[in-house]
Amino acid sequence: KKVGEKPRFGEGGVRPGYEGRRIDILKIELAFVINKLLPEDAKFNVIIFSTDVQRWHKGLTKATPRNKKSALEFVKKMEPQAQTNLYGALELAFKDRQVDTIYLLSDGNPTVGTTTNLDEILAAVRRWNKGRNVIIHTIALLVGKYGPPNPNPGRQPQPGRRPAPTPPAENRELLLKFLKQLAKENGGVCRVFMD
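Count along the sequence shown from 1, add 22, and you get the number used in our numbering.
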């Protein structure tokens with residue numbers, strides 16, 4: 023970057039050849055968005071979606087250093103689950119009428135939710151965004167290893183922990199087409215991390 027150049031979306035520090043887990047890449051990119059792309063006068067929220075959809079706060083919160091730190095602590099606790107609920111995450115984001123920009127980071131095709139059909143999700147976003155002009159930026163995270171490392175290879179999972187989920191079959195071409203279309207239709211940019 024040149025001195026004084028505004029950081030660009032999707033430049034969180036993940037480099038080609040990264041061998042880590044996808045969830046760790048997601049955390050790096052999300053930390054970049056929170057730390058570098060949100061001015062203090064902005065308001066934001068974090069919505070995590072896998073099998074379930076969870077939000078960090080009930081509504082948008084000022085991007086103060088304290089709130090950014092709290093959001094990053096929330097993000098640090100994320101662990102992969104077996105499913106991807108894109109519809110639920112987008113629906114929850116659009117329910118907040120103050121939202122004007124969404125950063126959607128995903129590593130897989132939708133596998134659970136009201137619908138998993140990508141055309142139906144695009145149609146729903148068109149309905150929700152009609153007259154609102156919410157910008158949607160997307161990041162496709164198709165690098166690294168899926169799921170958590172096994173802390174006890176060859177043994178049963180630790181008490182209270184489920185074994186690492188097996189990822190659903192990836193259709194990278196379909197996911198990329200969807201994320202590019204979602205960004206294009208909503209004035210955003212799509213960034214792709216693929217190995």
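Virtual Cβ for every residue (Gly too), placed ideally from N, Cα, C.
Looking at the structure shown, is Lys-202 part of a helix, part of a strand, or coil, going by DSSP?
helix
When the Cα atoms are used, what is the spatial distance from Arg-43 to Leu-114?
If I take the Cα positions, the gap works out to 26 Å.
Going by DSSP, what residues sit across from Lys-84 in a beta bridge?
Lys-65
For Pro-61, is the classification buried or exposed, using 16 other Cβ atoms within 10 angstroms of its Cβ as the cut-off for buried?
exposed
Candidates Lys-152, Tyr-109, Lys-90 and Ala-93: closest to Glu-142 by CA position
Comparing C-alpha distances from Glu-142 to each of Lys-152, Tyr-109, Lys-90 and Ala-93 shows the shortest one belongs to Tyr-109.
Beta carbon of Ala-111 nearer than 7 Å to that of Phe-71:
A contact, by the Cβ cut-off of 7 Å.
Only counting the same chain, and skipping five residues up and downstream in sequence, which positions put a Cβ closer than 6 Å to that of Glu-207?
none
If you check the beta carbons only, do Val-93 and Ile-158 fall under 7 Å apart?
Looking at the sequence itself, residue 93 is Ala, so the reference to Val does not match. Cβ distance not < 7 Å, so Ala-93 and Ile-158 don't count as in contact.
Quick check: what's the CA-CA separation for Thr-73 versus Asp-129?
13 Å
Short Cβ contact (7 Å threshold) for Ile-56 with Lys-99
no
Can Gln-120 and Leu-59 be called in contact, C-beta distance under 7 Å?
Against a cut-off of 7 Å, the Cβ pair of Leu-59 and Gln-120 comes out as no contact.
Residue burial classification, Lys-49 (beta-carbon count within 10 angstroms, cutoff 16)
buried
Between Leu-140 and Met-216, what straight-line distance do the alpha-carbon atoms span, to the nearest angstrom?
20 Å
Tell me whether Arg-209 is buried or exposed, calling it buried when 16 or more other Cβ atoms sit within 10 Å of its Cβ.
Strictly speaking, residue 209 in this sequence is Gly, with Arg absent from that position. That one is exposed.
From Pro-171 to Trp-150, what does the alpha carbon distance come to, in whole angstroms?
Here Pro-171 scores only 42 on pLDDT, less than 50, and its place in the model is too uncertain to base an answer on.
Just tell me which of Leu-126, Val-156, Asp-122 and Gly-135 has its CA closest to the CA of Leu-198.
Leu-126
Closer than 6 Å by C-beta to Phe-200: which residues in its own chain qualify, once you throw out the five before and the five after it? Chain order, please.
Leu-140
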